[in-house]
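To start, the structure itself, in structure tokens.
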Amino acid sequence: MVVTRASGGGGGDGDEYRSSDYVHSTFGSRYMQGPIPKWRMPVQTIPKEAAYQIINDELMLDGTPRLNLASFVTTWMEPECDKLIMASINKNYVDMDEYPVTTEIQNRCVNMIAHLFNAPVGDDEVAVGVGTVGSSEAIMLAGLAFKRKWQQKRKADGKPFDKPNIVTGANVQVCWEKFARYFEVELKEVKLKEGYYVMDPERAVEMVDENTICVAAILGSTLTGEFEDVKKVNELLTKKNKETGWDTPIHVDAASGGFIAPFLYPDLEWDFRLPLVKSINVSGHKYGLVYAGVGWVVWRSKDDLPDELIFHINYLGSDQPTFTLNFSKGSSQIIAQYYQFIRLGFEGYKSIMINCMENAKVLKEGIKKTGHFDIVSKDIGVPLVAFSLKDSSRYTVFNIADSLRRFGWIVPAYTMPADAQHIAVLRVVIREDFSCSLAERLVSDIDKVLKEMDSLPSHIMSSERAHVALIENDDHVNKTVKQIQDDVTRHWKRFVKESKTGVC
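Numbers given in my numbering equal positions in the sequence shown, counted from 1, plus 780.
Dropping the structure here:
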């Protein structure tokens, strides 16, 4: 392809070059001397075609989104929605006076979600909620509302208000740890145990004290996809509140399960049908079927969102209330969410979730037939399959995850949180674009990896050699195979713990 450089491109008008020649001969080219700097802005301008090609070539080394089975985040949308996204990508949502239709669309989405979660609002009433940049921001906003409500009550009662805490399970996503650390709230975690990888309602309510601003229940654990028993938490907490005179509320983190439970398990009581549930967050970019990143948080009523957290601005053309951590935000994901709501409707979402669960069953049965794994995920919950090795004496789930990369699959391996750290699992998330044929292909590739590893010397011994420094620093030089395996296991646990990113 022959293109003409613009006059500002670093040379005289009319000079021609081949963009492919430029890209593949950057070193010493007349348009830029030396390699493109990684940490500093280049001094000279380069042609747009060359800039595109350079970046596009590098991005080819990224993983394929559809084969990224570690993530819950949507990786495919219809072309019509892609067009709407591109048409609105230059709109700043915060400019409500300039883009009133976009503001109205966000309000419609909030109301649809509120009704989906059985909020006590009439057909003509406006629900209380807001669009966010994913569930992390939604959780921050909900947590701040709980903290401020608790502080107000403590001040009114003349009691100390400097040591708030939240009770939740050790299986929570890292955004809860962020909230606790950023906003100085103690995170009281209910530890897990082998075979039970969600928050125990009885142990959770036992940990509640007068400083607890809320109990956070998870509808769709990141680790296993399991729904926590929100109804049981509500029953136990109601009883404790009556006995103590407290009014400790519940927040439901429905980031993953909020767009699953209403369609697959309509009789499951987890939402605003339970009196103590005061707010719910959900990720539009997960099973809401929208590209990253959009989330939502909805409150039961206006009384559950303190007025002092809402800011009013008028310098964009009119009085605009706002309750977000950031200010500027793109409009495209909100418009994309509205597209999915009106395009699919209740029946469309239900059909997609049923299909995801069916594909999860196909994958689960295929994995069980290998004879190497125990399934740790549940049939009711988020459509995912989490599984552990029955025998880790020769190789680990981490070895399997590494080997699957050869086939393009990105399958996460990790250890469970306290007190189930000795359990290591693989997890495959089933999204809308993960078909039955892909499930069968993944099982086939897992089977190939297993047969290959079974035919080779122990990978545990290979791990020993890879971590010679770890072993040589030990006081005991002559170790049994079991001791070596324990060393490697400890290394992996430490590695996974230190590598925690919160990506889901």
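Heads up, the beta-carbon is just placed ideally off N, CA and C, and yes, glycines get one too.
Where does residue i sit, in a helix, a strand or coil, going by DSSP?
| i | result |
| --- | --- |
| G1005 | coil |
| F1121 | helix |
| E1049 | coil |
| S1243 | Legend: pLDDT at S1243 = 42, less than 50; position of this residue unreliable, value from coordinates given subsequently. Helix, per DSSP. |
| P1163 | coil |
| E974 | coil |
| M812 | Low confidence applies here, because M812 scores a pLDDT of 48, under 50, leaving its location unreliable; read the following figure in that light. The answer is coil: DSSP assigns M812 none of H, G, I, E or B. |
| T882 | helix |
| F1103 | coil |
| K1082 | helix |
| G843 | coil |
| L967 | strand |
| F1187 | helix |
| P827 | coil |
| M1137 | helix |
| V852 | For the record, residue 852 in the displayed sequence is Phe; it is not Val. Three-state result, F852: coil. |
| Y1067 | coil |
| D837 | helix |
| E1212 | coil |
| S1238 | coil |
| A1198 | coil |
| S1131 | helix |
From what residue to what residue does the alpha helix (DSSP H) around residue i run?
| i | result |
| --- | --- |
| T1018 | V1010 to T1024 |
| R983 | P981 to M987 |
| I1226 | C1216 to S1235 |
| A1035 | Careful: A1035 lies outside any alpha helix (DSSP H) and carries neither H nor E. |
| I865 | P859 to A867 |
| D1154 | Where D1154 is concerned, there is no enclosing alpha helix (DSSP H), although the beta strand (DSSP E) it sits in stretches over F1153 to I1155. |
| F1178 | V1177 to L1184 |
| F1043 | A1041 to L1044 |
Per DSSP, residue i is paired with what?
| i | result |
| --- | --- |
| C994 | I946 |
| W1076 | G911 and V1062 |
| R1207 | A1166 |
| I1030 | V995 and V1057 |
| G1110 | N872 |
| F1091 | T1102 |
Using the C-alpha atoms, what's the distance from residue j back to residue i?
| i | j | result |
| --- | --- | --- |
| T825 | M866 | 26 Å |
| S851 | V823 | 38 Å |
| D1087 | I893 | 22 Å |
| T1176 | S1215 | 27 Å |
| R820 | A831 | 15 Å |
| A922 | K1231 | 49 Å |
| R961 | P1055 | 29 Å |
| E1138 | N891 | 30 Å |
| Q833 | K818 | 16 Å |
| A918 | I1030 | 15 Å |
| D875 | D904 | 26 Å |
| H1065 | T1018 | 33 Å |
| T912 | V1074 | 6 Å |
| D1234 | I1203 | 21 Å |
| E966 | A936 | 22 Å |
| S1157 | I1040 | 16 Å |
| T1328 | I1090 | Because the chain here runs from 781 to 1284, residue 1328 falls outside it and cannot be looked at. |
| D1154 | G909 | 41 Å |
| A996 | S1063 | 16 Å |
| F1126 | F1043 | 7 Å |
| F1293 | C889 | The question about residue 1293 has no answer, for the chain in this structure spans 781 to 1284. |
| P900 | P1197 | 36 Å |
| G975 | D1033 | 22 Å |
| I885 | S1112 | 11 Å |
| T1002 | G1188 | 22 Å |
| V1165 | K1144 | 6 Å |
| T882 | A1181 | 43 Å |
| N1061 | G1037 | 10 Å |
| D877 | V1209 | 40 Å |
| G1146 | G1161 | 19 Å |
Within the continuous beta strand (DSSP E) that includes residue i, where are the two ends?
| i | result |
| --- | --- |
| L999 | No beta strand (DSSP E) contains L999, which DSSP labels as neither H nor E. |
| Y1194 | A1193 to T1195 |
Open item on the list: My parser needs the beta strand (DSSP E) runs of 3 or more residues fully inside the stretch 886-960; what are they?
Closed with: 908-912 and 945-949
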